[in-house]
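The listed protein sequences derive, respectively, from chains A and B.
First residue of the first sequence: 1, per full-length UniProt numbering; consecutive thereafter.
First residue of the second sequence: 1, per full-length UniProt numbering; consecutive thereafter.
2 protein chains.
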Amino acid sequence: MSLVLDSAAQDLLFREARTANTFTDEPVTDEQVQAIYDLVKYGPTAYNQSPLRIVLVRSAEARERLVNCMSEGNRAKTAAAPLVAILVADNEFHEELPHLFPHFPQAKELIFSERPVREASAQVNASLQAAYFIMGIRAAGLAAGPMNGMDYAAVQKEFLDDDHVPLMVVNIGRPGPDAWHSRSPRLRYDEIVTTV
Amino acid sequence: MSLVLDSAAQDLLFREARTANTFTDEPVTDEQVQAIYDLVKYGPTAYNQSPLRIVLVRSAEARERLVNCMSEGNRAKTAAAPLVAILVADNEFHEELPHLFPHFPQAKELIFSERPVREASAQVNASLQAAYFIMGIRAAGLAAGPMNGMDYAAVQKEFLDDDHVPLMVVNIGRPGPDAWHSRSPRLRYDEIVTTV
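Okay, structure coming up:
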């Protein structure tokens, strides 16, 4: 076995972890979310740009507005999950770069002065951070239920401004009864790797 | 402490792991890369679309072609790393969906018949998988050096076809002398999280 990470951690993060579709009623606290963030914030992004922003949907009123933005098949679980988070890319992340990347503070102007460059970079790098966040949810012993099926424009209009775009919505909690489908197949190593 | 993941694993994956800029000469074997993939392939993607493809640049000839595509500041480390991988998004991932997502095999036609929809989804989901792969490199006790500074069109022309787009290039190996800068700051929880 070529891995150093212990087997229990491998199971917790990857092998036994599953996308949950049902949850128990046990609440997910702000302290848990903060512990998750304070671990996964160290995951790498280009120029340490760290464009991920998170909206925690806690009030009944906000939850109802979000449920109405979701695709039919995602509504019941979004309504029922103990906590729902909107993961967001900040297209104005460059404002923080002089602080976040002191090795090359000119990056704000020299690399990221154009909005389309920022939008493309924020999309990729906030996605990296979304993956770290999903790993962090699992590291907290919770299950994540990431979802893409939604009216993205409606989510942006209801919860964000023109500089912030939704990436995905994640249900968070302890898995409930019949929380997942059977495991879907994965591509084999030789199907995805080529050597040159 | 709200996390279940043991502290050594937290350190290995996030807290002590760093983006490496120098490497020792110790080779990275295909067996190591396969062990990494066989762990991180379980990370979730939308519709289990799994659009990440990986090109391992092993020959001297291919390494030289890749180095010539990289930005000035990335050339020396790309030339010196024990292994260099090009992480790629496959915009034709939908061809595999009937196999990969048996719960809803119609997704290939009903969701992903249009190329622009596939390109946007592949970009986000291959980025999620790139993050899982970086975590996997760390799980193998190795350091990753992900890079964005390159001529993307040149990398695509040299190594890929019209259906495959490069996401990033990752140097892989054991960290060498002076492998990293001092840790850059991260945004605080209250700077990135809002509650509604």
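The beta carbon of each residue, even a glycine, is placed where N, CA and C say it ideally should be.
Small disclaimer: the values here were computed from a predicted structure and weren't measured.
### Query
Checking contacts by CB at 9 angstroms: is Arg-75 (chain B) closer than that to chain A?
no
### Per DSSP, cross-strand counterpart(s) of Leu-83 (chain A)
A:Ile-172
### Task
Sort A:Ala-130, A:Leu-5, A:Arg-118, A:Asp-25 by Cα distance to Ile-36 (chain B) and report the nearest one.
A:Leu-5
### Message
Using a Cβ-Cβ cutoff of 9 angstroms, what residues of the segment 147 to 170 of chain A are near chain C? List them in chain order.
### Response
Absent from the structure is chain C; the protein chains it does hold are A and B.
### Task
Spell out whether any CB of chain A is found under 9 angstroms from the CB atom of Lys-41 (chain B).
So, interface residue.
#### Entry: Rounded straight-line distance, which links the Cα of Thr-24 (chain B) to that of Pro-166 (chain A)
41 angstroms
### Message
Can you look up Thr-24 (chain B) in the DSSP assignment and give me helix, strand or coil?
### Response
For Thr-24 (chain B), the three-state secondary structure derived from DSSP is coil.
### Query
In terms of residues, what are the limits of the beta strand (DSSP E) holding Arg-15 (chain B)?
No beta strand (DSSP E) contains Arg-15 (chain B), which DSSP labels as neither H nor E.
### Message
Just to confirm before moving on: does the CB-CB distance between Pro-105 (chain B) and Thr-19 (chain A) stay below 9 angstroms?
### Response
no
### Query
How big is the Cα-Cα spacing for Ala-130 (chain B) and Leu-87 (chain B)?
7 angstroms
### Query
CA-CA distance, Phe-112 (chain B) and Ala-62 (chain B)?
33 angstroms
### Query
Which residue comes first and which comes last in the alpha helix (DSSP H) that contains Pro-116 (chain B)?
115 to 139
### Query
Quick one: Cα of Ser-59 (chain B) to Cα of Leu-3 (chain A), how far?
Roughly 25 angstroms between the two C-alpha positions.
### Message
Using CA atoms only, rank isn't needed, just tell me which of A:His-99, A:Val-84, A:Ile-137 is closest to Met-147 (chain A).
### Response
Cα-wise, what sits closest to Met-147 (chain A) is A:Val-84.
### Query
Rounded C-beta distance between Arg-15 (chain B) and Tyr-42 (chain A)? I'm assuming under 8 angstroms.
6 angstroms
### Message
Any beta carbon of chain A sitting closer than 9 angstroms to that of Ser-121 (chain B)?
### Response
yes
### Message
For Val-170 (chain B), tell me which candidate among B:Met-135, B:Glu-119, B:Glu-114, B:Ala-46 has the shortest Cα-Cα distance.
### Response
B:Met-135
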